[in-house]
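With the working numbering applied, the sequence shown corresponds to residues 10 to 260, in that order.
Note that the Cβ used here is the ideal one computed from N, Cα and C, for glycine as well.
A short worksheet on the structure shown next.
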Amino acid sequence: MLVRKISAAYFTTWTIVIWFTFPFLTMGGTWQATGNFLSLAYVVAIYAVPSIFLYGIFISSLLEISARKLSVDSTVEWVVSGLFHVILGFFFGFILQSFLFSIVGGTAALLFFGFDRIIITFLPLLKQRVRVVLMIAPLLLFGIAVSSIYISSTPKPPFTVMDAVEFATSGNGTLIDLFPKQEGVIKLKIEGYEVERETKVIDTTNEQYLIYFIERWRKREESGEHRMIYKVTRGTMDAKGGDGTDPPYQR
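This is how it looks when you write it as structure tokens:
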């Protein structure tokens, strides 16, 4: 019985994953499409796998054992067991205090019950080779979906110096706001000081850049410099420290 329940959980999980991700097959067109699709499938699987394989198998096994002990007629047992599967699937959502999980839980429970009954009825009639094909069919279907999105997506564009600077200066409310939004130098006069603020980029490797925000000041014999350093890659920006002293004027 346990092997049959695990098989039913396997097919139910794949059905839920494909069901939730199927509308996003039209995501092709941008280079991020494949990653976004796989991320969505991963999030669905995080919830579906433990819920179906633990809660689903336990509840379904408990209902089947109870029906056997009560010697319920097979036709009645199908109806009653299916009804209780759905009710307890809905109840799982109430445990998590989520109506959406109740709907999904009830649907998953009905699918679990359906797959379980199909396996009982038809699996003994199938040859070993056909059973293997059926087990790998969800994997093949999912692989075809991912491949189709990947093929239809545009190539990943390069992450350039301009992209890195734009990303690094896109925030608000920090000292970076004071510096040029592109590589270069601006000159200012602040409280009698000659001030230069420079945005400088060093191209390292594999679309990784070191961006320096450098501030220099001079007033007669007094001068100084302060710099902040950031490592920027596509979508990430990490502070790498800095050096120098703070300027003597109000920024």
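Distance CB(residue i)-CB(residue j) smaller than 8 angstroms
i                 : j                 : result
phenylalanine 188 : valine 241        : no
alanine 16        : isoleucine 129    : This sequence places serine at residue 16; alanine is not what is there. Contact: no.
glycine 115       : phenylalanine 103 : no
phenylalanine 31  : phenylalanine 124 : no
alanine 117       : isoleucine 25     : yes
glycine 91        : phenylalanine 122 : yes
Opposing strand residues paired with residue i [DSSP bridges]
i              : result
alanine 248    : Tyr239
glycine 233    : Trp226
aspartate 253  : Looking at the sequence provided, one finds glycine at residue 253 rather than aspartate. Paired residue(s): His235.
tyrosine 51    : For tyrosine 51, which the question treats as bridged, DSSP gives no partner whatsoever.
isoleucine 220 : Val210, Tyr239
Reference residue i, options the options, closest by Cα
i              : options                        : result
tyrosine 239   : Gly233, Lys228, Phe222         : Phe222
leucine 150    : Ile27, Ala18, Met10, Ile15     : Ile27
valine 71      : Lys14, Val204, Ala173, Ile158  : A small correction: the amino acid at residue 71 is leucine; valine does not occupy that position in the sequence shown. Out of Lys14, Val204, Ala173, Ile158, Lys14 has the C-alpha closest to the C-alpha of leucine 71.
tryptophan 40  : Ile211, Lys136, Gly182, Ile160 : Ile160
alanine 50     : Leu63, Trp23, Ile61            : Trp23
valine 170     : Ile145, Ser179, Glu216         : Glu216
valine 155     : Ala42, Met10, Val12, Phe20     : Ala42
glutamate 234  : Glu205, Arg243, Lys209, Leu219 : Glu205
alanine 173    : Ser69, Ala18, Thr214, Ile199   : Thr214
asparagine 45  : Ile158, Met144, Leu135         : Ile158
methionine 237 : Lys228, Arg227, Lys209, Thr245 : Lys209
Run of the beta strand (DSSP E) containing residue i, from where it starts to where it stops
i            : result
tyrosine 202 : 202-212
The alpha helix (DSSP H) enclosing residue i, as first and last residue numbers
i              : result
isoleucine 195 : Isoleucine 195 -> not in any alpha helix (DSSP H); beta strand (DSSP E) instead, spanning 193-199.
isoleucine 27  : 11-30
leucine 72     : 66-79
Beta carbon proximity, residue i to chain B, threshold 8 angstroms
i              : result
asparagine 215 : Among the chains in the structure shown there is no chain B, since it carries only a single protein chain.
What beta strand (DSSP E) runs, 3 residues minimum, are completely inside the segment 120-190?
-> Runs of the beta strand (DSSP E) spanning 3 or more residues and lying entirely within the segment 120-190 do not occur at all.
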